[in-house]
Structures are given as structure tokens and as C-alpha cells.
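*Asks:* Residue numbers (my numbering): 23 to 271. Heads up, the beta-carbon is just placed ideally off N, CA and C, and yes, glycines get one too. Just so it is clear, the structure is predicted and the values come from calculations on it, not from any experiment.
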Amino acid sequence: MSAAVAGGNGEPGKRRVAASSDLHCRPEHGARMRELVKAVNAEAELLVLCGDLTDRGHPEEAKVLADALAGLSMPCAAVLGNHDLDRGAGAEIAKLLGDAGVEVLDGDHLILRDDIGVAGVKGFMGGFGSATLQAFGEGPLKAFVQEAVTEALKLEAALSQLDSEKKIVIMHYTPILETTVGENVEIRPFLGTSRLAAPIDLYGADVVFHGHAHHGALEGRMSNGTPVYNVAMPLLRKLTGKPFLLFEV
Numbered sequence: 023m024s025a026a027v028a029g030g031n032g033e034p035g036k037r038r039v040a041a042s043s044d045l046h047c048r049p050e051h052g053a054r055m056r057e058l059v060k061a062v063n064a065e066a067e068l069l070v071l072c073g074d075l076t077d078r079g080h081p082e083e084a085k086v087l088a089d090a091l092a093g094l095s096m097p098c099a100a101v102l103g104n105h106d107l108d109r110g111a112g113a114e115i116a117k118l119l120g121d122a123g124v125e126v127l128d129g130d131h132l133i134l135r136d137d138i139g140v141a142g143v144k145g146f147m148g149g150f151g152s153a154t155l156q157a158f159g160e161g162p163l164k165a166f167v168q169e170a171v172t173e174a175l176k177l178e179a180a181l182s183q184l185d186s187e188k189k190i191v192i193m194h195y196t197p198i199l200e201t202t203v204g205e206n207v208e209i210r211p212f213l214g215t216s217r218l219a220a221p222i223d224l225y226g227a228d229v230v231f232h233g234h235a236h237h238g239a240l241e242g243r244m245s246n247g248t249p250v251y252n253v254a255m256p257l258l259r260k261l262t263g264k265p266f267l268l269f270e271v
């Protein structure tokens, strides 16, 4: 990004939102997470986190992150990612983060501050556009597609109930192909699905943040022009030198 803050340049009435993903916190990362919180506190007014907050879904990893996030001076919303669910401890991870003041969303919505609303869902994979995987054939394939459909319906439900002037959508997987560019072509259908774009097209949003694509592109746009940012921390550090993206909304 050429601008210091995406989406604006200190315009009156706008809030600075910090967005990050793929923190992959491990037990030894406490100091690193506290430095992240310190930097966010200095530059932003809201924080959103887009999944893979832990490295392998261990509650002890979540506890380290939660201890750091307890030092935030602002509201924070998050979704979980595939790494957070690897050990089947998603509910415990969400509770640990919730106890630290983080609102973990799973098809839910909330007003973070003033009239800025957030809708969040993990999302899923399945491909994009005319190459989106369809529910035809074996039972396991149909179940795979149904997971993507279910996540899209959860996002639709959250957005349909979000009555705020400004809307932010957070998810782990991407709703557009554009932000997967840079990843191996073979794995791009497994990084997201355009099924997740339909609810945003229907109800609108000011910005969408996602992660997961560590080697993808930073920015893309949906067909209706909504900006989409890939805020995977490894990508942000490589492109901007910072562990989060600032966006004015």
C-alpha cells in the first residue's frame, strides 16, 4: 500500500481499525504478542483478528495470546481459523479469548464502537466463480460443499441483522480469487470460495478482511467494488513491515 492508512488519510469522523490474521501464537510468543498489542494501542481505535490466532489449536497457545490481548485499550472482534480448530478445542479457545475481552464471532454480529458494526464467520473453501465446486457425486463431496454453504448462510444471517451505518466483515477464508494471487495455482480453491461473497453483495459492507493466504495478494475488490484485504501477518510483514493493516472507516 502506498498510503499509510488504507481507506483514508485522517478524515474527520473516521475510526482507525487495525486488522491482522494468522498470528500462529505459540507458548513462547508472549513477548511478541505483547509488542503487537502495544503497537495496536498506539495507532488504532479498533482491532479485528481474522483467524489462525493459535498455531495448532492448543488452549495453552490461546492463553498466551489472551494474556497479551487483555492489554488492549480498545474493542476487539475475532474469528477462528482452521489452525484454531485443529485439536477440536475451538470452544475453549473462544472462551479464553472472550475472558480477555475479545468478541469471538461465528455467524454473529456486534457494534464495536459508535456506529461501526462487525459481522464475522470462519468461512470455508471450494473455489471461485464458474469453478466453484458443486454438490454432486459422493457423500463426502456433498458434505464438503455443504460446509461452505453453511458458512455463507451464517454470514448472511449476521449481516441481515447488522443495522449500523458502517459495516466490517471479517473471515478467515477469502471470498474472492484476487487475493489468492501469489499462491500456487493448485491450492487457490482451498483458500476460500465466492459463496462467501454473495451475502456481502446482498447486504453491503465498507470493507472485508480475511487471512489464510500467506503468499497471496494484499488487496482486491469484490464485483460490487467492496475492498477486500488479505491481512495474514506473514504477508503484511513482507509487504509493509508491520504486523497489522490500518484502515479508516
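Within a Cβ cutoff of 6 Å, which residues of the same chain sit near V39, ignoring the five residues on either side of it in sequence?
*Replies:* L68, F269 and V271
*Asks:* Cutting at 6 Å between CB atoms, please list the residues of its own chain near L184, excluding the five before and the five after it.
*Replies:* H131, G139 and A141
*Asks:* May I have a chain-ordered list of the beta strand (DSSP E) segments no shorter than 3 residues that lie completely inside the segment 61-120?
*Replies:* 68-72 and 98-101
*Asks:* Measure the C-alpha to C-alpha separation of G52 and N252 and round it to an integer number of angstroms.
*Replies:* 24 Å
*Asks:* Quick one: what's got a C-beta closer than 8 Å to D77's C-beta in the same chain, skipping five residues either side?
*Replies:* H46, C47, R48, E83 and H105
*Asks:* Specify the secondary structure class of H51 as computed by DSSP and reduced to three states.
*Replies:* helix
*Asks:* By the 10 Å Cβ neighbour count, where 16 or more other Cβ atoms means buried, how is P221 classified, buried or exposed?
*Replies:* Looking at its Cβ environment, which holds 16 or more other Cβ atoms inside 10 Å, P221 is buried.
*Asks:* Which residue comes first and which comes last in the alpha helix (DSSP H) that contains I222?
*Replies:* A219 to Y225
*Asks:* Considering only C-alpha positions, which residue in the set L71, P162 and F158 is nearest to L102?
*Replies:* Comparing alpha-carbon positions, the option among L71, P162 and F158 lying closest to L102 turns out to be L71.
*Asks:* Quick check: what's the CA-CA separation for N246 versus F231?
*Replies:* 16 Å
*Asks:* I'd like to know whether the C-beta atoms of H234 and D44 end up nearer to each other than 8 Å.
*Replies:* yes
*Asks:* When you compare only the Cα positions, how much space is there between P249 and T201?
*Replies:* So the alpha carbons of these two residues sit roughly 11 Å apart.
*Asks:* Taking the beta strand (DSSP E) that P249 belongs to, which residues open and close that run?
*Replies:* P249 to N252
*Asks:* For G79, which option in L91, A61, L175 and A111 has the closest C-alpha, if you only look at C-alpha atoms?
*Replies:* A111
*Asks:* Roughly how many angstroms lie between the CA atoms of Q168 and T154, to the nearest whole one?
*Replies:* 12 Å
*Asks:* Count the other CB atoms within 10 Å of the CB of H176; is the residue buried (16 or more) or exposed (fewer)?
*Replies:* Note on identity: in this sequence residue 176 is Lys, with His being the wrong assignment. That one is buried.
*Asks:* Please report the straight-line C-alpha distance between P265 and V59, rounded to a whole angstrom.
*Replies:* 10 Å
*Asks:* Would you tell me roughly how many angstroms separate the C-alpha atoms of A90 and Y225, rounded to the nearest one?
*Replies:* 34 Å
*Asks:* Where does I198 sit, in a helix, a strand or coil, going by DSSP?
*Replies:* coil
*Asks:* Can you give me the C-alpha to C-alpha distance between N206 and L119, rounded to a whole angstrom?
*Replies:* For N206 and L119, the distance between alpha carbons rounds to 33 Å.
*Asks:* In three-state DSSP terms, what is M255?
*Replies:* Reduced to three states, the DSSP call for M255 is helix.
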